[in-house]
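K.L.:
The opening residue of the sequence shown carries number 19 in the numbering used here; numbering runs sequentially from there.
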Amino acid sequence: MDVHIFFLPFLAPGHMIPMTDLAKLLAGRGVKATIVTTTANASQVQPALDGSPHLDVTLLTLPFLPSVPENVTSLPTPGLTPEFIAGLNSLKSSFERLLVEHRPDCIISDVFYPWTGDLAAEHGIPRIAFHGTGSFVLSVGAAIRRFKPHEIASADDEPFLLPGLPHRVELCRSQLMGGMDGSDELMNQITESYMKKTYGDVMNTFHEMEPGYADQLSKKTWLVGPVSLCNRDATERAVRGGGGGGQENEFDRCLDWLDSKSAGSVLYACFGSLGQFSSSQLGEIAGGLNCSVRPFVWVVRNNAGYDDTSEWMPEGFEEEEGLVIRGWAPQMLILSHPAVGGFMTQCGWNSCMEGASAGVPMVTWPLFAEQFYNERLLVDVLGIGVAVGSKVCSNVVEERTFVSREQVRKAVEEVMGGGEEADERRKRAREVAEMARRAVEEGGSSYNGLSCLIQELRDIKAGDAALSENVVTGLSQRELIE
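#1: Can you tell which of Asp174, Gln364, Ala252 and His72 has the C-alpha that lies nearest to the C-alpha of Gln294?
#2: Assign Gln299 to one of two classes, buried (16 or more other C-beta atoms within 10 Å of its C-beta) or exposed (fewer than that).
#3: May I ask you to report which of helix, strand or coil DSSP gives Leu292?
#4: Between Leu276 and the rest of its own chain, which residues show a CB-CB distance below 6 Å, the 5 nearest in sequence each way excluded?
#5: With DSSP as the reference, label Ile402 as helix, strand or coil.
#6: Our contact map puts Asn413 next to Gly97 with C-beta atoms below 8 Å; I'd like the distance itself, whole angstroms only.
#7: Can you tell me the Cα-Cα spacing of Ser157 and Glu333, whole angstroms?
#8: Just how far apart, CA to CA, sit Gly230 and Phe154?
#9: Can you tell me the Cα-Cα spacing of Val242 and Gly32, whole angstroms?
#10: Give the C-beta separation of Ala161 and Leu137 to the nearest angstrom, bearing in mind that I take them to be a contact with Cβ-Cβ under 8 Å.
#11: Suppose you measure from the CA of Glu424 to the CA of Trp316; what does that come to, to the nearest Å?
#12: My understanding is that Met362 touches Val381, with C-beta atoms under 8 Å, so please give their C-beta distance in whole angstroms.
#13: What are the boundary residues of the beta strand (DSSP E) that Cys124 is part of?
#14: Got a sec? Which residues, its chain only, sit under 6 Å from Lys110 by beta carbon, not counting five neighbours each side?
#15: For Asp233, does the three-state DSSP call read helix, strand or coil?
#16: DSSP state of Lys409, grouped into three classes?
#17: Could you please give the first and the last residue of the uninterrupted beta strand (DSSP E) stretch that includes Lys50?
#18: Mapping DSSP to helix, strand and coil, what is Trp133?
#19: Compare the beta carbon distance of Asp68 and Val257 with 8 Å and say whether it is the shorter of the two.
#20: Tell me which same chain residues have a C-beta within less than 6 Å of the C-beta of Pro244, skipping the five on either side of it?
#21: Give the straight-line distance between the Cα atoms of Leu273 and Gly301, rounded to the nearest whole angstrom.
#22: Starting from Phe113 and walking both ways along the alpha helix (DSSP H), at which residues does that stretch end?
#23: In three-state DSSP terms, what is Ala347?
#24: Measuring CB to CB, does Lys50 end up less than 8 Å from Asp20?
#25: If I measure Cβ to Cβ from Gln207 and keep anything under 7 Å in the same chain, skipping five residues before and after, which residues do I get?
#26: At what residues does the alpha helix (DSSP H) containing Leu43 begin and finish?
#27: Between which two residues does the beta strand (DSSP E) holding Trp240 run?
#28: Please report the residue range of the beta strand (DSSP E) in which Val317 lies.
#29: Between the beta-carbon of Pro122 and the beta-carbon of Thr52, is there less than 8 Å?
#30: In whole angstroms, give me the CA-to-CA distance for Phe24 and Val342.
#31: If you measure between the beta carbons of Leu204 and Ile125, is that distance less than 8 Å?
#32: Could you say which of Ser127, Gly152, Gly159 and Gly259 lies nearest to Arg145 if we only look at CA atoms?
#33: Quick check: the Cα distance between Val187 and Phe178, rounded to an integer number of angstroms?
#34: Contact check, Leu77 vs Thr56 under 8 Å by CB: the rounded distance?
#35: Let's see if you can read the secondary structure: which residues bound the beta strand (DSSP E) around Val257?
#36: Taking 8 Å as the threshold (C-beta atoms), are Trp367 and Thr151 in contact?
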C-alpha cells in the first residue's frame, strides 16, 4: 500500500481549490489521497473530483458548528469572525476520530489549522503545512518583521524600501497586511505550531517564477506549482472551483462570444470570490472599461448590494463591447482562451498563478491580505503587471482607495495597448507561462519537487527516515519566521 495523505483545506475558495488540485496531482502519482472538509464545502470540491474520474481521491466530511457559516464567502462581515474561528477549532475532535479510523501516513493541512500539528505529533505522523502564497510573500513578511522599515516612514502613504531582497521593492504602511505586530492571536498560534510541530511546507509556486526568493527556503519545502495545470482538458477546467451551479448556458455564451473576438483583444476582469466594492466604485470600473473601448469579460460577485445595476452600470453597457458574468466563472477556461490578452485581478495568489500560467499580462488591483505583496512580485520582479493605483489594504470596502475610471482606463490601455513597453510585457508574460509549463512536465522543477515529497513520505512510512522530535519540527523556513 502506498502513502496515504489526509488533506485539510481552509474553508475559502482560494485555499480549497489549489489543495484539491494538489490532492489530484498526488493521486495521479500513486498516492492515496483523502480530502477532509465540512458538509457544505464538500459540494464545492466534488465537481472537481467528478471531472477527473480517472483519479482515486476520497472525500470525507466533518460537522461544523450549527448556525455558523461554513465558508469565508458566507460570512456576514469582512474578515474572520470569532464564531468562524471557533468553528475551525471545533473540527479538531472530529478530525482526530478520522485519523484514528483511517490511519493516514501524513497530514497536509492549511496553515490556518495550527492544531493539526499537535494531532500529527500525537499520532506519530508528519504534518506538512500548505501555504496559499508564494515564497516572495514570505520573504517580504520576514523583511518587515526583521528590519521594521515601516516604522521610519513619516506617513501611511509614504513608500519605504524593503531591505534584504534580491530586487528593489517598495511598499507603503497602508499596504501592509494585518498581524505584523504580533497582536493577532490566531497568527501567533499559527506561528507557534509552525515552528514546533510542522515537518515541512508545500507551496503552489515554481522555482523559476521566484528564484531569488525560492532559494531562501530550506530543504524541507517542496515547490510543486502551478497545481492548476493538473487540469489539462476543458472539462476539468470548467468544473474547477465548484462548477457553475446552473450557469452552464451562460458559460457557453461566454465562450462563443470569445470565439468571435480576435486573438489577444479581450480583457478579463475578476476580483476573486471575496472581492467586494461599493456601488460607486463599481461605477468607476464600468466607466473605465467603457472608456477603454476594448472588449472585456467582467465577473461580478453575486451580492445583494449589486442587484440594482442602474446605480453603477451605464445604459447599454453590456450591449457594446462587454460581457458581464454574475457569480462564478470558469477562470482557467477563460484565461486560456486565445482571445484573452489581459487580466484585471485582485492579486490573490491563485489568480496570480493562473494569469502567469496563461501567459497574460495583468492589471493589478489588490484589496486585502497579502495581495499588495503579490502585486509587487507581478509589477516589480516579473514585470508582467501594471498597478491601477490601489493603496490601502483593508477588508472594509469603505476604507480602501477610491480608484477613478481614468485610472482604470489608463491601466487597461497600458496592458492591452501597443508600444515597445507593452510588447515587452507581453513577451515576459509568455516566457513565464512557458517556464510554468516546463516546471510541471516530467523532469521539471515542480515535477521533481513532487517526486521528492512522495519519496520522503515513503521513506518515513518504511521507517528509513525516523520521525524524531527534530524531524517533526523540520527545517522549514525557520530563518524566514524568526
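Even glycine gets a Cβ: it sits at the ideal position worked out from N, Cα and C.
P.N.:
A quick look at the data gives this:
#1: Gln364
#2: buried
#3: coil
#4: His355 and Ala357
#5: coil
#6: 5 Å
#7: 46 Å
#8: 9 Å
#9: 17 Å
#10: At roughly 32 Å, the Cβ-Cβ gap does not stay under 8 Å, so Ala161 and Leu137 are not in contact.
#11: 18 Å
#12: 4 Å
#13: Cys124 to Asp128
#14: Trp133
#15: coil
#16: coil
#17: Lys50 to Thr56
#18: helix
#19: yes
#20: Met371, Ser375 and Ala454
#21: 25 Å
#22: Pro100 to His120
#23: coil
#24: yes
#25: Pro132
#26: Pro31 to Ala45
#27: Thr239 to Leu241
#28: Phe314 to Val318
#29: yes
#30: 38 Å
#31: no
#32: Ser127
#33: 8 Å
#34: Not quite, the Cβ-Cβ distance comes to about 11 Å (not below 8 Å), so this is no contact.
#35: Unbroken run through Val257 is the alpha helix (DSSP H), Ala252 to Val257; no beta strand (DSSP E).
#36: yes
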